[in-house]
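Participant: Structure incoming, see below.
There are 2 protein chains.
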Amino acid sequence: MTSSVKAMVFDVYGTLFDVHSIQSACEKVYPEKGLEISREWRLKQLEYSFLRQIMGCYQPFSAVTRDALRYVLKELQLEGGREVEEELMNAYRSLHLYPEVKEVLKELSDKKLAVCSNGSRDMLLPLMQTCGLDSFFTHIVSVEDVEQFKPSPGTYAFMQEKLGLKKEEILFLSSNGWDIAGAKSYGFLTAWINRGNLPPEELQLAADFIYRDLRSLLDQQ
Amino acid sequence: MTSSVKAMVFDVYGTLFDVHSIQSACEKVYPEKGLEISREWRLKQLEYSFLRQIMGCYQPFSAVTRDALRYVLKELQLEGGREVEEELMNAYRSLHLYPEVKEVLKELSDKKLAVCSNGSRDMLLPLMQTCGLDSFFTHIVSVEDVEQFKPSPGTYAFMQEKLGLKKEEILFLSSNGWDIAGAKSYGFLTAWINRGNLPPEELQLAADFIYRDLRSLLDQQ
Chain A
1 MTSSVKAMVF DVYGTLFDVH SIQSACEKVY PEKGLEISRE WRLKQLEYSF LRQIMGCYQP
61 FSAVTRDALR YVLKELQLEG GREVEEELMN AYRSLHLYPE VKEVLKELSD KKLAVCSNGS
121 RDMLLPLMQT CGLDSFFTHI VSVEDVEQFK PSPGTYAFMQ EKLGLKKEEI LFLSSNGWDI
181 AGAKSYGFLT AWINRGNLPP EELQLAADFI YRDLRSLLDQ Q
Chain B
1001 MTSSVKAMVF DVYGTLFDVH SIQSACEKVY PEKGLEISRE WRLKQLEYSF LRQIMGCYQP
1061 FSAVTRDALR YVLKELQLEG GREVEEELMN AYRSLHLYPE VKEVLKELSD KKLAVCSNGS
1121 RDMLLPLMQT CGLDSFFTHI VSVEDVEQFK PSPGTYAFMQ EKLGLKKEEI LFLSSNGWDI
1181 AGAKSYGFLT AWINRGNLPP EELQLAADFI YRDLRSLLDQ Q
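Chains as they are written, first to last, in our numbering: chain A, 1 to 221; chain B, 1001 to 1221.
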């Protein structure tokens, strides 16, 4: 990491919290289907957020996430209904924090720390507050305020405006390849937290740094 | 179908041609991996087109398709390289036409018939011409001319402008749920060709008609 960095902006879903920790809640309702539901649900959630951004039909991420769940249950021919939806949507508000997150954030107190999430406040705030993560950040930014989804340039611009810094003073961290591409395309410095040990996306927008998890941030200081 | 329809606009990939007929070409190069490559390749191709639309980083669909192939081969830890890429990209120019397409199009000669595809001309025209499908259509429209990807409203607006008709005089047909959502959101009449027997997308943009394949168009006349 370069010394010019004045703020670090973290994505939330997949980067700080494990979206696939939802699997056990899914498994409880649908035995032996937890893994498949969790995987398909995440893919559909992302697809719907991308499509809504392209069509100009914004809906809060909580609505998008519920729609995605409803689709996936129908696709897998599983019985849904309001009660199951509520249970699984609630589980999305208590995803597991990755184990190293707090210890790393504690060591980064010389920087401004922020989050920038596609999550709407009704999902994002309970998630952050339940595990006491909210206190680490000066800015908890939801794209809900601009009614756009990442990787739209407007979301990164909104984040920059909130921080009042130059693009090159902001290090944007995400484990989502599409989010890194969007942040890089906008002009931020980027660190891809490659938790899944995946190949880089073929979008000609390579991350400036690639880390296995957040611990590497401490080695780089 | 209502009698007010003056033009029928068909999507190409998945609607007229079976994108998964690529499987046998993949299988030839990578035995026992054909199905997985074909499925992942299509998903990544769509994801990259959506992301490029959102980020405002248009590249022709042929480049997007090649990038997607390159990613998938790396993800599946398969050896790629220029020669394999050329072979599989060429196979994408000779996808199988669905069996009923020509017989149905012949019967629809009282309407203006058009195609509107995310495909760039270097992919789309060889595909249409090789099987003699181009002669059925008055307009073969590639989004390349507006440098946007469906389901962006700009692509459907471009199609409408080419036809010179009112929105409600245009029936848009696609087997891709996201394409139907985009066309419906723009204001076209829509027919979802539900070849995969899938549940409708949960995007609150339901198709006006749902058909199992194109034959149903003749029953409805």
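From the three backbone atoms N, C-alpha and C, an ideal C-beta is built for every residue, glycine too.
(1) Would you kindly report the start and end of the unbroken alpha helix (DSSP H) that includes Val1084 (chain B)?
(2) Going by alpha carbons, who is nearest to Cys131 (chain A) out of A:Tyr98, A:Leu173, A:Val146?
(3) Does DSSP classify Asp219 (chain A) as helix, strand or coil?
(4) Could you check where the alpha helix (DSSP H) with Ser185 (chain A) kicks off and where it finishes?
(5) Who are Leu1043 (chain B)'s beta bridge partners in DSSP?
(6) Alpha carbon to alpha carbon, how far is Phe17 (chain A) from Ser117 (chain A)? Give it in angstroms, no decimals.
(7) Report all residues from its chain with a CB closer than 8 Å to the CB of Asp1134 (chain B); omit the five preceding and five following residues, and keep chain order.
(8) Residues of the region 40-56 of chain A in Cβ contact with chain B at a cutoff of 7 Å, in chain order, please.
(9) Take Leu73 (chain A) as the anchor and find which of A:Val104, A:Glu36, A:Gly196 has the nearest alpha-carbon.
(10) May I ask you to check if the CB of Ser142 (chain A) is nearer than 7 Å to at least one heavy atom of the ligand ADP?
(11) State buried or exposed for Leu1218 (chain B), treating a residue as buried only when at least 16 other CB atoms are found within 10 Å of its CB.
(12) Rounding to the nearest angstrom, what Cα-Cα distance links Glu202 (chain A) and Phe1149 (chain B) in this structure?
(13) Would you list, in chain order, the members of the region 174-189 of chain A that have their beta-carbon closer than 7 Å to a beta-carbon of chain B?
(14) Going along the chain, which residues of its own chain have a beta-carbon closer than 8 Å to the beta-carbon of Lys1033 (chain B), five neighbours each way excluded?
(15) In the DSSP assignment, find the beta strand (DSSP E) that holds Ser117 (chain A) and state where it starts and stops.
(16) Residues in its own chain within less than 6 Å of Gly177 (chain A) by CB, not counting five upstream and five downstream?
(17) The beta strand (DSSP E) that contains Thr1190 (chain B), what's its start and end?
(18) Leaving out five residues before and five after Asp208 (chain A) in sequence, what residues of the same chain have Cβ atoms less than 6 Å from its Cβ?
(19) Tell me, which residues are paired with His1096 (chain B) by DSSP?
(20) When you check each C-beta in the region 79-91 of chain A against every C-beta of chain B, which residues fall closer than 8 Å?
(21) Just by C-beta distance, which residues in the region 133-165 of chain A are closer than 7 Å to chain B?
(22) List the residues of chain B that Pro199 (chain A) touches, going by C-beta distances under 8 Å, in chain order.
(23) Our contact map puts Ser216 (chain A) next to Arg195 (chain A) with C-beta atoms below 8 Å; I'd like the distance itself, whole angstroms only.
(24) Along the chain, where does the alpha helix (DSSP H) that runs through Val1101 (chain B) open and close?
(25) Any C-beta of chain A sitting closer than 8 Å to the C-beta of Glu1100 (chain B)?
(26) Is it right to say Gln1160 (chain B) is buried, meaning 16 or more other beta carbons lie within 10 angstroms of its own, or is it exposed?
(27) Would you list the residues sitting across from Tyr1071 (chain B) in a DSSP beta bridge?
(28) Distance check for Ser142 (chain A) and Glu87 (chain A), CA to CA, integer angstroms please.
(29) DSSP state of Ala25 (chain A), grouped into three classes?
(30) Three-state secondary structure (DSSP) at Phe1172 (chain B)?
(31) Considering only C-alpha positions, which residue in the set A:Leu173, A:Asp179, A:Ser185 is nearest to Asp213 (chain A)?
Facilitator: Working from what's here:
(1) Working through the second sequence from its first residue, we reach residue 1084 (chain B) at position 84. 1082-1091 is the span of the alpha helix (DSSP H), which, as asked, contains Val1084 (chain B).
(2) Reading the first sequence from its first residue, position 131 is the one you call residue 131 (chain A). Ranking the options by Cα distance to Cys131 (chain A), first place goes to A:Tyr98.
(3) Translated into the one-based positions of the first sequence, residue 219 (chain A) becomes position 219. The answer is helix: DSSP assigns Asp219 (chain A) an H, G or I state.
(4) Translated into the one-based positions of the first sequence, residue 185 (chain A) becomes position 185. Looking at the DSSP string, the run of the alpha helix (DSSP H) that includes Ser185 (chain A) is 177-186.
(5) Residue 1043 (chain B) sits at position 43 when you count from the first residue of the second sequence. Looking at the DSSP assignment, Leu1043 (chain B) forms no beta bridge with any residue, so it has no partner.
(6) Walking along the first sequence from the start, residue 117 (chain A) turns up at place 117. Walking along the first sequence from the start, residue 17 (chain A) turns up at place 17. Distance between the alpha carbons of Ser117 (chain A) and Phe17 (chain A): 12 Å.
(7) Counting from one through the second sequence, the residue named residue 1134 (chain B) turns up at place 134. Same-chain partners within the cutoff: Leu1125, Met1128, Ile1140.
(8) Tyr48, Phe50, Leu51, Gln53, Ile54, Met55, Gly56
(9) Along the first sequence, read from residue 1 onward, the residue named residue 73 (chain A) stands at position 73. It is A:Glu36.
(10) Of the ligands one can find in the structure shown there are none, so the ligand ADP has no counterpart to examine.
(11) Start at 1 with the first residue of the second sequence, and residue 1218 (chain B) comes out as number 218. Leu1218 (chain B) should be labelled exposed.
(12) Translated into the one-based positions of the first sequence, residue 202 (chain A) becomes position 202. Translated into the one-based positions of the second sequence, residue 1149 (chain B) becomes position 149. Cα to Cα, Glu202 (chain A) sits roughly 18 Å from Phe1149 (chain B).
(13) Trp178, Ala181, Gly182, Ser185
(14) The residue you call residue 1033 (chain B) lines up with position 33 of the second sequence. Contacts found: Cys1026, Glu1027, Leu1076, Leu1078.
(15) Taking the first residue of the first sequence as 1, we reach residue 117 (chain A) at position 117. Segment 112-117, the beta strand (DSSP E) holding Ser117 (chain A).
(16) By one-based count along the first sequence, residue 177 (chain A) stands at place 177. Result list for Gly177 (chain A): Glu201, in chain order.
(17) Here residue 1190 (chain B) refers to the residue found at position 190 of the second sequence. Run containing Thr1190 (chain B): 1189-1193, per the beta strand (DSSP E) assignment.
(18) As a first step, residue 208 (chain A) must be located in the first sequence, where it is residue number 208. Same-chain partners within the cutoff: Leu189, Thr190.
(19) Sequence index remark: in the second sequence, residue 1096 (chain B) carries index 96 (1-based). Bridge partners of His1096 (chain B): B:Asp1018.
(20) none
(21) Pro151, Ser152, Pro153
(22) In the first sequence, counting from the first residue as 1, residue 199 (chain A) sits at position 199. Near Pro199 (chain A) (Cβ distances below 8 Å), the residues of chain B are Tyr1071, Lys1074, Glu1075.
(23) Taking the first residue of the first sequence as position 1, residue 216 (chain A) is located at position 216. Taking the first residue of the first sequence as position 1, residue 195 (chain A) is located at position 195. Actually they do not touch by this definition, with Cβ atoms about 11 Å apart.
(24) As a position in the second sequence, residue 1101 (chain B) is number 101, starting the count at 1. Looking at the DSSP string, the run of the alpha helix (DSSP H) that includes Val1101 (chain B) is 1101-1107.
(25) To locate residue 1100 (chain B), count along the second sequence from 1; it is residue 100. Not one chain A Cβ lies under 8 Å of Glu1100 (chain B).
(26) Walking along the second sequence from the start, residue 1160 (chain B) turns up at place 160. By the 10 Å Cβ count, Gln1160 (chain B) comes out buried.
(27) As a working mapping, residue 1071 (chain B) is identified with position 71 in the second sequence. According to DSSP, which records beta bridges pairwise, Tyr1071 (chain B) is partnered with nothing at all.
(28) Stepping through the first sequence from its first residue, residue 87 (chain A) is reached at position 87. Stepping through the first sequence from its first residue, residue 142 (chain A) is reached at position 142. For Glu87 (chain A) and Ser142 (chain A), the distance between alpha carbons rounds to 23 Å.
(29) In the first sequence, counting from the first residue as 1, residue 25 (chain A) sits at position 25. Three-state result, Ala25 (chain A): helix.
(30) Counting from one through the second sequence, the residue named residue 1172 (chain B) turns up at place 172. Correct three-state label for Phe1172 (chain B): strand.
(31) Residue numbering aside, residue 213 (chain A) sits at position 213 when the first sequence is read from its first letter. Asp213 (chain A) has its Cα closest to that of A:Leu173, out of A:Leu173, A:Asp179, A:Ser185.
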